[in-house]
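I have placed the structure first, in the form of structure tokens, so that the comments after it can refer back to it.
There are 2 protein chains.
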Amino acid sequence: MQKKVSLSGFRDFLPKEARVRNYLKNKISQVFELFGFEPLETPALERAEVLLGKYGEEADKLLYLFEDRGRRKVGLRYDLTVPTARVLAFYANSQIKLPFKRYQIQDVFRAEKPQKGRYRQFLQCDVDIFGSKNVLSDAEILAVISRALEEVGLEKFVIRINSRKILLEALDKLGIEESQAQLAVLRVVDKLDKKGREGVEKELEEKGFSKNVLLEFEKLEPDEEIERIIELAENLGIEKVRISFDPFLVRGLDYYTGMIFEVVCQNFPSSIAGGGRYDNLVKALGGPDIPAVGGSLGFERIYEILKDKVSKQLEEGQGKVFVSVFSKELLQDSLQLVSKLRKEEIYCDFWLKDKYDLRQQLKQADEKGYRFVLILGPDEKKGGKVKIRDMRQRQEKLVDIQQVGKIIKEWE
Amino acid sequence: MQKKVSLSGFRDFLPKEARVRNYLKNKISQVFELFGFEPLETPALERAEVLLGKYGEEADKLLYLFEDRGRRKVGLRYDLTVPTARVLAFYANSQIKLPFKRYQIQDVFRAEKPQKGRYRQFLQCDVDIFGSKNVLSDAEILAVISRALEEVGLEKFVIRINSRKILLEALDKLGIEESQAQLAVLRVVDKLDKKGREGVEKELEEKGFSKNVLLEFEKLEPDEEIERIIELAENLGIEKVRISFDPFLVRGLDYYTGMIFEVVCQNFPSSIAGGGRYDNLVKALGGPDIPAVGGSLGFERIYEILKDKVSKQLEEGQGKVFVSVFSKELLQDSLQLVSKLRKEEIYCDFWLKDKYDLRQQLKQADEKGYRFVLILGPDEKKGGKVKIRDMRQRQEKLVDIQQVGKIIKEWE
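Just so you know, the sequences run in chain order A and B.
Reading the first sequence from the start, the letters are residues 1 to 412 in the numbering used here.
Reading the second sequence from the start, the letters are residues 1001 to 1412 in the numbering used here.
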């Protein structure tokens, strides 16, 4: 008999966990839809040529590539942007009209070294607008990310915002004008949270750049475009205190061309969402030449932060019912009661054994987290009643059998 | 630029399709939860040894197997029962209490020859009870499958039921007593729908069996157990007319040990759901020795049957709002209106361009299927009003801006 858990770096989600993940996924997609974003789904497998060379050399080593039975070179989905670029190359301006506001919530696969909080299969939640250069789209992305975080139950978060244009202009002024050099500097500054100021200044000098970069960045202020984006985002419902300009925010990835942002949450070390404008990426990935701006929620981090809270919330909120069976003679009545409650959309389970020991039934209901146990004995049946036992408050109430669904729905 | 659609046998789901699939998935999982089934999720990749030899020789050839970067032999999920058996081997009676009512809705991967209606990645929806031999569990599976089909909007379906015990007893009487011979006969009879009576009789004779098998099966009647299951299923809410005993129903797979069923839908050639009791399978698959009964919804078939209907229903039902922008001066007011409506949970999108031509805005709203367009011009603003244009009924109404959310929610 196999006594091994799943493959290293991969996870099974048992009911308690799967329920929380489903809850979060549903909440997030509801918000995305509320804001007029449309769902897209792409297959887990792509042609290897679609994936290779798109993420940089280091990332290519993390791709799950193999030959399928038809000797085609294929690979597992590594992110959601490359498959979307492929879809846009095929469908943009035919079945997909621009601007295209799409969201995509699917698993991606990366052969990273497994370690705490890092998995080889994990969920990505991307929300992007393709085909719009307008700053309204930048603001809309901030608004939808902010609302999604609020809806899942995160409150203490701040959106840090900056712009690649502002940063590159500052580097120009410092005499760092060559594009590859500029990106190299930004990648060093991106380590500020990890390495601290001194560490970054040391690395800058080692790489032959002026250590005055940070001093220069410190003086930066939002340009007209960023001010406009913040103003529009406020009009779209983000509270003013939630957004702050951060001159040291650079984002690690090379492809951003304008506004960039990250969301940080109190008491959590790393960012829980991020994104920005990337007007040249879709084309570089093999798609059509269309501008884009988007964001990504760090689902696995959000799940880690919220899982205990949401799990408790779901257990308490659900008011699930377990119908006990008093005796063989009363089985039929009990099942009809189950059927009646389910028709009234009440989550309802019942006793599956032929031994009708009530104590065992209460024990099982308790273990499985049922809030109410219904008891229908001969006396109850004679009087057209049923007993409701509240497992949390440890109290019982005898009610009319016709009313039981309504009473449970209104129970405090 | 790549101008190729996805890998052969794999599908992209554009918004219209993805929305229908999400709707069906959500409806189905809601019903499963309503009946007390709990969600389980397993990874897309498993160790090859977990998968190989579990599905028969033919199926082994359809597995997506490969070596990962750590030279581990791995494979993509081929079904949901084998991963569940692995999970049960690890967690049964510790984190998972028996009886375990679980559902699992995930993609599986099979390297079949792609053809119409057959894909290499497709969604499976399984619902099973592990650890209960009681006929109540068989009835519960019929009840949950039936309710799920009703909830997604299928009405004209019938559950055909039979029992492996009844069939094997009949074969015993015909002198076909050896287990492998019995299964061989059943696999031939399983072709009745495709080959017709004569074809099956011919194949039976060719394989050296009596062609009287069908004559013998014709006389079969439900035994006490099947009668009891039907009675219990009725108590659990299935209408009597929905269930019929079918002596020719055999199911193609070898592992069933008791009740078997299939659901057929009017005007659709193949079954849309099926299942049965399989008390020895979990152990054979490497799990613990626990009885099981379950069913599987043919999601891809159900999707094919319902996609146009559901898509239309979703478009009509949604009452989505598109807020037009009259002019630069009124942009701020329009965005605030968007924000207000979204806070009231109204699906709301807006115009992303700097050219405020109303005709273009109406055109885009129409193309994207928005039901309402809101118009906030200088006159409307002055009067604290907004104009609602109903794109379906081609009518307009001037309403108080504070009331607009409420009015749209109540709009017929």
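Quick reminder that beta carbons are idealized off the backbone N, C-alpha and C, glycines included.
As the structure is a computational prediction, the values presented were derived from the model and not from experiment.
Tell me, please, which residues DSSP counts as bridged to residue 1262 of chain B. Within the DSSP secondary-structure output, residue 1262 of chain B pairs in a beta bridge with B:1160 and B:1274.
Tell me whether the beta-carbon of residue 303 of chain A lies closer than 8 Å to the beta-carbon of residue 82 of chain A. 8 Å or more divides the Cβ of residue 303 of chain A from the Cβ of residue 82 of chain A.
Are residue 371 of chain A and residue 318 of chain A closer than 8 Å when you measure CB to CB? Yes, the pair counts as a contact, with Cβ atoms nearer than the cut-off.
Can you find a CB in chain B that lies within less than 8 Å of the CB of residue 152 of chain A? Chain B contact via Cβ: absent.
Compile a chain-ordered list of the residues in the segment 219-240 of chain A whose CB is closer than 7 Å to at least one CB of chain B. The segment 219-240 of chain A vs chain B, Cβ under 7 Å: 232, 235, 236 and 237.
Which of helix, strand or coil DSSP assigns to residue 18 of chain A: Assignment of residue 18 of chain A by DSSP, reduced to helix, strand and coil, places it in the helix class.
Give the C-beta separation of residue 1035 of chain B and residue 1140 of chain B to the nearest angstrom, bearing in mind that I take them to be a contact with Cβ-Cβ under 8 Å. At roughly 7 Å, the Cβ-Cβ gap stays under 8 Å, so residue 1035 of chain B and residue 1140 of chain B are in contact.
Helix, strand or coil for residue 41 of chain A? Go by DSSP, reduced to three states. In the structure shown, residue 41 of chain A sits in a strand (DSSP, three-state: E or B).
List, in order along the chain, the chain B residues whose C-beta lies closer than 7 Å to that of residue 111 of chain A? Counting only Cβ-Cβ distances below 7 Å, residue 111 of chain A has contacts in chain B at 1068 and 1069, in chain order.
Would the segment 211-227 of chain A count as touching the segment 189-200 of chain A if we require 3 or more Cβ pairs under 8 Å? Below 8 Å, enough C-beta pairs join the segment 211-227 of chain A and the segment 189-200 of chain A to call them touching: three or more.
7 Å Cβ cut-off: residues of chain A touching residue 1156 of chain B: Residues of chain A whose Cβ lies closer than 7 Å to the Cβ of residue 1156 of chain B do not exist, since the nearest Cβ in that chain is about 20 Å away.
May I ask you to list the residues that DSSP assigns as paired with residue 1349 of chain B? Residue 1349 of chain B has B:1322 as its beta-bridge partners, per DSSP.
Out of curiosity, what's the CA-to-CA distance linking residue 1205 of chain B and residue 1272 of chain B? Near 31 Å, if we compare the C-alpha coordinates of residue 1272 of chain B and residue 1205 of chain B.
Please list, in chain order, the residues of the segment 1026-1051 of chain B that have any C-beta partner in chain A closer than 7 Å. Of all residues in the segment 1026-1051 of chain B, 1033, 1034, 1035, 1036, 1038, 1039, 1040, 1041, 1042, 1043, 1044, 1045, 1046, 1047 and 1050 have a Cβ within less than 7 Å of some Cβ in chain A.
Is the separation between the beta-carbon of residue 1349 of chain B and that of residue 1326 of chain B shorter than 8 Å? In this structure, residue 1326 of chain B does not lie closer than 8 Å to residue 1349 of chain B by Cβ.
Thinking C-beta only, is residue 130 of chain A closer than 8 Å to residue 88 of chain A? Yes, these two residues count as a Cβ contact at 8 Å.
What does residue 7 of chain A touch in chain B if you count any residue whose Cβ is under 9 Å from its own? Contact of residue 7 of chain A with chain B by beta-carbon distance below 9 Å involves 1043, 1045, 1046, 1047, 1050, 1068, 1072 and 1074.
Under three-state DSSP, which class holds residue 111 of chain A? The three-state secondary structure of residue 111 of chain A, taken from DSSP, is coil.
Mind pulling the chain A residues with CB within less than 7 Å of residue 1328 of chain B? Ordered by position in chain A, no residue passes the 7 Å Cβ test against residue 1328 of chain B, which lies about 11 Å from the chain.
Candidates A:332, A:9 and A:239: closest to residue 119 of chain A by CA position: Closest in C-alpha terms to residue 119 of chain A, from the list A:332, A:9 and A:239, comes A:9.
Would you say the beta carbon of residue 1053 of chain B is closer than 7 Å to some non-hydrogen atom of the ligand NAD? In terms of ligand content, the structure shown is empty, and the ligand NAD therefore cannot be addressed.
Give me the subset of the segment 1356-1381 of chain B whose CB atoms are less than 9 Å from a CB atom of chain A, sorted by chain position. Per Cβ criterion, the list reads 1364, 1367, 1368 and 1370.
Option in A:264, A:185, A:67 and A:102 with minimal Cα separation from residue 46 of chain A: Minimum Cα distance to residue 46 of chain A is reached at A:67.
Applying the criterion that 16 or more other CB atoms from any shown protein chain within 10 Å of the CB defines a buried residue, is residue 1351 of chain B buried or exposed? So residue 1351 of chain B counts as buried.
Among the candidates A:374, A:382 and A:159, whose CA atom is the shortest distance from the CA of residue 394 of chain A? Sorting A:374, A:382 and A:159 by C-alpha distance to the C-alpha of residue 394 of chain A places A:374 at the top.
Contact set between residue 1250 of chain B and chain A, taken where Cβ atoms lie within less than 7 Å: Near residue 1250 of chain B there are no residues of chain A at all, since even the closest Cβ is about 27 Å away, more than 7 Å.
Quick one: using the 10 Å Cβ neighbour count with 16 as the cut-off for buried, is residue 1146 of chain B buried or exposed? When all chains shown are included, residue 1146 of chain B counts as buried.
If you compare alpha carbons, which of B:1011, B:1018, B:1012 and B:1383 is closest to residue 1311 of chain B? Out of B:1011, B:1018, B:1012 and B:1383, B:1018 has the C-alpha closest to the C-alpha of residue 1311 of chain B.
Residue 54 of chain A at chain B interface by Cβ criterion, 8 Å: Answer no: the Cβ-Cβ gap between residue 54 of chain A and chain B never drops below 8 Å.
For residue 1291 of chain B, would you say it is in contact with chain A, using Cβ-to-Cβ distances shorter than 8 Å as the test? Under the Cβ distance rule, residue 1291 of chain B does not count among the residues neighbouring chain A, no pair being separated by less than 8 Å.
Return the chain-ordered list of same chain residues with a C-beta closer than 6 Å to the C-beta of residue 80 of chain A, the five sequence neighbours on each side being excluded. These residues qualify, in order along the chain: 104, 124 and 126.
Kindly confirm or deny that the segment 1230-1237 of chain B and the segment 333-350 of chain A touch, where touching means at least three C-beta pairs closer than 8 Å. Between the segment 1230-1237 of chain B and the segment 333-350 of chain A there are three or more inter-stretch CB-CB distances shorter than 8 Å, so the stretches are counted as touching.
Taking the C-alpha atoms as reference points, what is the distance between residue 1233 of chain B and residue 1291 of chain B? Residue 1233 of chain B and residue 1291 of chain B: Cα-Cα distance of roughly 20 Å.
Taking a contact to mean a Cβ-Cβ separation below 8 Å, would you say residue 246 of chain A touches residue 165 of chain A in this structure? No, they are not a contact pair.
Take residue 1347 of chain B and list the residues in its own chain whose beta-carbon comes closer than 7 Å to its own, dropping the five residues that flank it on each side. The answer, listed in chain order, is 1318, 1320 and 1321.
List the residues of chain A whose Cβ lies closer than 9 Å to the Cβ of residue 1353 of chain B, in chain order. At a beta-carbon threshold of 9 Å, the residues of chain A lying near residue 1353 of chain B are 99, 132, 134 and 136, ordered along the chain.
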